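Here's the structure we're looking at; comments come further down.
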Amino acid sequence: MFQSLGKYILLLRLSFRKPEKFSVYWSEVMREMVSVGIGSLGIIAIISVFIGAVATIQTAFQLVSDFIPKTIVGGITRDSTILEFSPTISALVLAGRVGSSMASQIGTMRVTEQIDALEIMGVNAPGYLISPKIIAGVSMIPLLVIVSVILGLTGGYIACAASKDVSTADYITGLTDGFNPLIVTVCAVKSIFFGFIITSICSYQGFYTDGGSLEVGQSATRGVVWSCIMILFVDLIISRLLL
Amino acid sequence: MIEIKDIYKTFGDNEVLKGITATFKPGKNNLIIGGSGSGKTTLLKCIVGLHDPTKGDVIFDGENFTDMDFEQRVPIRTKIGMLFQNSALFDSMTVEENIMFPLNLFTNQTKAEKLDRANFCLERVNLTGKNKLFPSELSGGMKKRVGIARAISMQPKYLFVDEPNSGLDPKTSILIDELINELTEEYEITTVIVTHDMNSVMGIGDHIIFLHQGKKWWEGSNKEIAHTDNQELNDFVFASKFMQAAKAKL
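Below, the structure is given as structure tokens:
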């Protein structure tokens, strides 16, 4: 465990060594940003709308009482979406979509000697392969989370409009009432950390793949599992520290 | 010239290389041969720096490669070309991009100059016009030739080749051997080839070292190999009836 942690830290240090040529690395960063950001937009949009809608319906179901104002449904949906559902569930989904792809891509390059080819040419392989992915992760995942928040709250609105348990006017009022900007800060901090966790852990697992195609699959699985565990752990730590 | 001095390599308790010393001269095809598990590929990886030897030195034209850190090795690495057993072409790049990749990173050439160089390298390996194909669209022999084109794109002083004939039909194998031989002679490259293909040994083996049980068991040329009385080498080279018949005719 400690040996793996040491290897992970050393790999991160190697990843951020001075690039051989900035322009080549920059084009890799752009390529990864498109892959992570645009490539994940569809799945994030779908899950966000459904999660927002389900959160609204379930909150409304639990708070059916004459003593509780209906507007509270909007407030609870907003807080839970911004604080937990959008950053954490998006990150868990992205660990599966983006993380497994990164781990298997780098793992395949390892087992087919493409990483050896880079090293023999004099290229800093961790820098060339991993740093663009991490930069893309910490910049694009927060943007995806913002999209997720907007679509999640929209999903809640659609659920209100469809079910009539809570009126859309009450929902909108609830969204704006008692808004604390701190939750947006917490959401942003979480999404940046989650972006780093997904890309760095999955890249690490891929980089140290040893064997053949079977091991590439195992590396991808390990990358996703460890990313999910670390996402939930860091989620707890950030929530405890910032709230 | 490449000198390797007293190279040892150990993985855990397994001592794979046991004190190998050799000199590889420019303009010659230096072959490393031996049975499976004899340490050929490990030796090659120690020479190019993919493995650090447990003990011993690798010296490129008087510069001790083993003592250098990553940054210090870069100038030597830019003079190294390597052809891998499975070609190791970058899947996400076209043939042209593969060849231009080291030029993009280590030269300040214009795009037109890099393209000219890529076209020249492709022409040299008889793959003119295949620029825009991806590795997945190439046959095994074509991949090897693109691998050679990428290896020579930076005009290397040292060329390392790992099992150039594996997975190829006999005719393509001979073409690849001839191509490596031509490039070695034409550009005075120090070429080190790991192989167990006997056609290569007899055809282009200017200087051969035979590894057995992690040690240098024999050293000589393809002309000397037929007349050696080294039992292990004879068992290895003349294992097939075809080679035994060929030896009888010599």
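Protein chains in written order, with the numbering used here: chain X, 718 to 960; chain H, 250 to 499. Backbone N, C-alpha and C fix where the C-beta goes; we use that ideal spot for every residue, glycine too. Just so we're clear, the structure is a prediction, and the values are computed from it rather than from any experiment.
With DSSP run on the structure shown, which of helix, strand or coil describes LYS881/X?
coil
Touching or not, the stretch 455–463 of chain H and the stretch 263–271 of chain H, by the rule of three or more beta carbon pairs under 8 Å?
yes
Can a CB atom of chain X be found closer than 9 Å to the CB of LEU417/H?
no
Return the CA-CA distance between GLY389/H and ILE425/H, expressed in angstroms with no decimal places.
11 Å
Of the residues ALA812/X, VAL840/X, LEU870/X, the one placed nearest THR327/H, counting alpha carbons only
VAL840/X
Same chain only: Cβ atoms within 8 Å of LEU860/X, ignoring 5 sequence neighbours per side
Same-chain partners within the cutoff: GLY754.
So within the stretch 854–910 of chain X, which uninterrupted beta strand (DSSP E) runs reach at least 3 residues, ignoring any that extend past its ends?
none
Top-ranked residue by Cα proximity to THR343/H, from TYR436/H, GLY396/H, ASP418/H
GLY396/H
For a cutoff of 9 Å on Cβ pairs, would you count THR829/X as touching chain H?
yes
Under the rule that 16 or more other beta-carbon atoms within 10 Å means buried, what is ALA937/X, buried or exposed?
Counting the other Cβ atoms within 10 Å of the Cβ of ALA937/X gives 16 or more, which makes it buried.
Is there at least one Cβ from chain X nearer than 9 Å to PRO413/H's Cβ?
Interface annotation, PRO413/H: not in contact with chain X, CB-CB separation never under 9 Å.
Straight-line CA distance for LEU1025/X to ALA772/X?
In this structure chain X extends from 718 to 960, so residue 1025/X is not present and cannot be described.
Stretch pair the stretch 367–374 of chain H + the stretch 344–356 of chain H: three plus CB contacts closer than 8 Å
These segments touch.
Which residues in chain H sit within 9 Å of GLU737/X, going by Cβ to Cβ distance?
VAL323, LEU354, PHE355
The stretch 906–918 of chain X contacting the stretch 929–947 of chain X, beta-carbon criterion three pairs below 8 Å
Segments in contact, yes.
Can you tell me which residues form a DSSP beta bridge with ALA271/H?
ILE253/H
Compute the beta-carbon to beta-carbon distance between ILE256/H and LEU266/H, rounded to the nearest angstrom, for a pair I have assumed lies under 8 Å.
5 Å
Contacts that PHE339/H makes with chain X (C-beta to C-beta distance below 9 Å)
MET826, GLN831, ALA834, LEU835
Compute the distance between the beta-carbons of LEU408/H and ILE423/H, then report whether it is under 9 Å.
no
Give the straight-line distance between the Cα atoms of GLY330/H and VAL323/H, rounded to the nearest whole angstrom.
13 Å
With GLU435/H as the anchor, note down where its alpha helix (DSSP H) starts and where it stops.
419–435 is the span of the alpha helix (DSSP H), which, as asked, contains GLU435/H.
Per the contact definition of three or more C-beta pairs closer than 8 Å, is the stretch 821–837 of chain X in contact with the stretch 868–887 of chain X?
no
Can you tell me whether DSSP reads GLY390/H as helix, strand or coil?
helix
Please classify ASP833/X as buried or exposed, where buried requires at least 16 neighbouring CB atoms within 10 angstroms.
buried
At a cut of 8 Å, does the stretch 461–476 of chain H reach the stretch 295–311 of chain H through at least three beta carbon pairs?
In the pairwise beta carbon analysis, the stretch 461–476 of chain H is classified as not touching the stretch 295–311 of chain H: fewer than three pairs are separated by under 8 Å.
Residues of its chain near SER908/X, where Cβ-Cβ distance is below 6 Å and the 5 sequence neighbours each way are ignored:
PRO804, ILE858, PRO859, VAL862
For MET947/X, go through chain H and note every residue whose CB falls closer than 7 Å to its CB, in chain order.
By Cβ distance, chain H contributes nothing, its closest Cβ being about 28 Å from MET947/X, past 7 Å.
Tell me which residues share the same chain as PRO843/X and place their Cβ nearer than 7 Å to its Cβ, disregarding the 5 neighbours each side in the sequence.
Correct list, in chain order: LEU728, LEU731, SER732, PHE924.
8 Å Cβ shell around ILE955/X - same chain, five flanking residues per side excluded:
VAL903, VAL906, LYS907, PHE910
Inter-stretch contact at 8 Å, needing at least 3 Cβ pairs: the stretch 352–363 of chain H / the stretch 433–451 of chain H
no
Do VAL450/H and VAL486/H have their beta-carbon atoms positioned less than 9 Å apart in this structure?
yes
Per the DSSP calculation, GLY469/H is bridged to which residue(s)?
ILE457/H
Against ILE329/H, what residues of chain B qualify as contacts under a CB-to-CB distance less than 9 Å, listed in chain order?
The chain inventory of the structure shown lacks chain B, comprising the protein chains X and H.
Within 9 Å, strictly: CB atoms of TYR742/X and PRO849/X:
yes
Contacts around ILE851/X, its chain only, beta-carbon distance under 6 Å, and the 5 residues preceding and following it disregarded:
THR916, SER917
Using a Cβ cut-off of 9 Å (strictly closer), state whether VAL810/X contacts chain H.
no
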